[in-house]
Amino acid sequence: MTAQKPKLAMYWAASCGGCEVALANIHEAILEVDAHFDFMFCPCLLDTKKKDIEALADGEIFLTLFNGALRTEENLEMAGLLRRKSKVFVAFGSCAAYGGIPALANHHGIASVLETAFCTVPGIDNPERLIPGTSCQVPDGELELPAFLSRVLAAHEAVQVDYTMPGCPPEPEQIIAVVRLVASGAPLPPLGSLIGCNDRAVCDECAREKRNKLAPRLIRPFEAIPEPDWCLVEQGFSCLGSSTRGGCQALCPAAGMHCTGCYGPLDRTADPGATALATLAAAVDSGSAAGADEAVLHARLRNALSGVADPLGTFYRYSLAATVVADRSKEAE
Ligand code: SF4
Ligand code: SF4
Ligand code: SF4
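The numbers in the sequence shown follow my numbering, run straight up by one, and end at 335.
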C-alpha cells in the first residue's frame, strides 16, 4: 500500500486570484507539488466542499497556503476552520500577510465602500442604486451573503499564522523553493518566520545604477520615460526599493517600473508607510535648510513630494491592516 501524501490546501479569502495564478505560474514544477502533496482543496481549481474540510480531523491538512485578506465573516470563518485543520498555516501573499490592497478600504466606511463598488465606479449601470444585502428573499427561498467585518484584517490578526510569505503575489521561484523545502522533510524555519523572501532590500537586488543624485521633485509614472540602467528614484519616480524586503530580484525596476513595495517592509517593527515616506523625502532635493524657517522647509518638501498623487495608496498599498493608521472607517462614516 502506498503511503498517503500530505494534504495541501490553498484558499482565497478577500483575494484577486493572482496568488492562485502565481501557483499556476510555477509551470512544470506543479508536477513536484503533485508528486509530494495531495492537493485537495483550492476553490478555484477543485470541487472540494467546505463540509469535506469540516469532516477532516484537526491538523489533518499538512500545509495551507491562505491568500487574501479577511473582509467578510465567511473569510474569518474559513481562516479559523483551515487554521484548525492545518499543521502548517502560511499567510500567502501580501493581502493575507499585511491586509494588502483590500485593507485600503479601512479608511472608508462600509456604506461608502458599497456605494462606490455598486453605484459610482465608472462602468457600473445601476440606476436604482441597488446594493446587495446579507439576505434576499427570492421565489426559491432566502439567499444569504456573508456580512462585511467592521474592517479588513490581515490573517495574523484573526488566527495564529505559522509562516508569512509576502509578495503581490509571491514570485514563482520563491514558491518552488518553499514547496521543495517542505517536501524535503528538512526542519522548517522557526515559527513566525517570513519565508520566500530575504532580509535585503529590493535595491540590493536591483541592477540600476545609483549616481548619488537627488531628484528635483517626485514625478508620476506618465510624466517621463525612465532612463535605462539609472536608479528610478534618482529620476524622480516613487520607487520604494530601499524600504522594501527583497526576494523578487527587483522585478519591477528591471522592467522600468518603480517598486511599489509588495514584499512588505524590511523592518517588521517599523511603520511601513512612515518608512517609505521618509525614504522618498530623502531622495528629493528640497533645497538648503540653512537659514530657512520651518514653514518654508515644509512648503518645499510638500512641493517636492507633490508627485505622490495618492499618499495612502503609495505608502501603505500593501500594509495598511496592522499599522497605527490602520482603521479610520468610523471617522469616515
Ligand atoms: S497578494 Fe496580490 S495577487 Fe495575492 S490576492 Fe492579494 S492582490 Fe491578489
Ligand atoms: S530605488 Fe528602485 S530603481 Fe533605485 S536601486 Fe532601489 S530598487 Fe532600483
Ligand atoms: S519590485 Fe517591489 S513591487 Fe515589484 S515585485 Fe518586487 S517588491 Fe514587489
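Every residue, glycine too, gets a C-beta built ideally from N, C-alpha and C.
Legend entry - Neighbouring residues (CB closer than 6 Å to any heavy atom of ligand 1): My final list is SER17, CYS18, GLY20, CYS21, ASN69, GLY70, GLY95, SER96, CYS97, GLY102, ILE103, CYS170 and PRO171.
Inset, instruction - Identify every run of the beta strand (DSSP E) within the segment 70-150, keeping only runs that are complete inside it and at least 3 residues long; order them along the chain. - result: Listed in chain order, the complete beta strand (DSSP E) runs (minimum 3 residues) inside the segment 70-150 are 72-74, 88-94, 137-140 and 143-146.
Inset, instruction - Determine the extent of the beta strand (DSSP E) in which THR2 is found, giving its start and end residues. - result: A question about residue 2 goes unanswered here, because the residues of the chain that appear run from 3 up to 335.
Inset, instruction - May I ask whether a heavy atom of ligand 2 can be found less than 8 Å away from the beta carbon of CYS261? - result: Here residue 261 is taken as the residue at index 259 of the sequence shown, counted from 1. Distance from the C-beta of CYS261 to the nearest heavy atom of ligand 2 is below 8 Å.
Legend entry - Separation of SER114 from CYS121, as counted between CA atoms: On the sequence shown, position 119 is the one that residue 121 refers to. On the sequence shown, position 112 is the one that residue 114 refers to. Straight-line Cα distance between these residues: approximately 10 Å.
Inset, instruction - Would you check if the segment 95-103 and the segment 318-327 touch, i.e. whether three or more CB-CB distances between them fall below 8 Å? - result: A contact is defined here as three or more CB-CB pairs under 8 Å, and the segment 318-327 meets this definition with respect to the segment 95-103.
Inset, instruction - Compute the distance between the beta-carbons of PRO267 and THR246, then report whether it is under 9 Å. - result: Counted from its first residue, the sequence shown places residue 267 at position 265. Counted from its first residue, the sequence shown places residue 246 at position 244. Cβ atoms of PRO267 and THR246: closer than 9 Å.
Inset, instruction - Can you have a look at THR277 and say buried or exposed, based on whether 16 or more other CB atoms are within 10 angstroms of its CB? - result: Residue 277 sits at position 275 when you count from the first residue of the sequence shown. It counts as buried.
Legend entry - Stretch-stretch touch, CB-based, cutoff 8 Å, three pairs: the segment 160-176 with the segment 213-220: Counting C-beta pairs closer than 8 Å gives fewer than three between the segment 160-176 and the segment 213-220, which falls short of the contact rule.
Legend entry - Short Cβ contact (9 Å threshold) for ALA226 with VAL154: Along the sequence shown, one-based indexing puts residue 226 at 224. Along the sequence shown, one-based indexing puts residue 154 at 152. Contact flag unset, no.
Legend entry - DSSP-derived helix/strand/coil call for SER152: Translated into positions along the sequence shown, residue 152 becomes position 150. Secondary structure at SER152: strand, using DSSP grouped into helix, strand and coil.
Legend entry - Extent of the continuous beta strand (DSSP E) to which LYS9 belongs: Here residue 9 refers to the residue found at position 7 when the sequence shown is read from its first residue. According to the DSSP assignment, LYS9 belongs to the beta strand (DSSP E) that extends over 9-14.
Legend entry - Sub-9 Å separation of ALA243 and VAL235 beta-carbons: Position 241 of the sequence shown, counted from the first residue, corresponds to residue 243. Position 233 of the sequence shown, counted from the first residue, corresponds to residue 235. With the sequence shown as reference, residue 243 is identified as Gly, and Ala is not the correct amino acid for it. In contact: GLY243 and VAL235 (Cβ atoms closer than 9 Å).
Legend entry - Any non-hydrogen atom of ligand 2 within 8 Å of LYS212 CB: The residue you call residue 212 lines up with position 210 of the sequence shown. Checking every heavy atom of ligand 2 against the Cβ of LYS212, one is found closer than 8 Å.
Inset, instruction - Verify the contact flag: ARG219, CB atom, against every heavy atom of ligand 3, threshold strictly below 8 Å. - result: On the sequence shown, residue 219 is found 217 positions in, with the first residue counted as 1. Result no, Cβ not under 8 Å from ligand 3.
Inset, instruction - Starting from ASP54, trace the beta strand (DSSP E) both ways and give me its first and last residue. - result: Start at 1 with the first residue of the sequence shown, and residue 54 comes out as number 52. Membership of ASP54 in any beta strand (DSSP E) is not indicated; the residue belongs instead to the alpha helix (DSSP H) covering 52-56.
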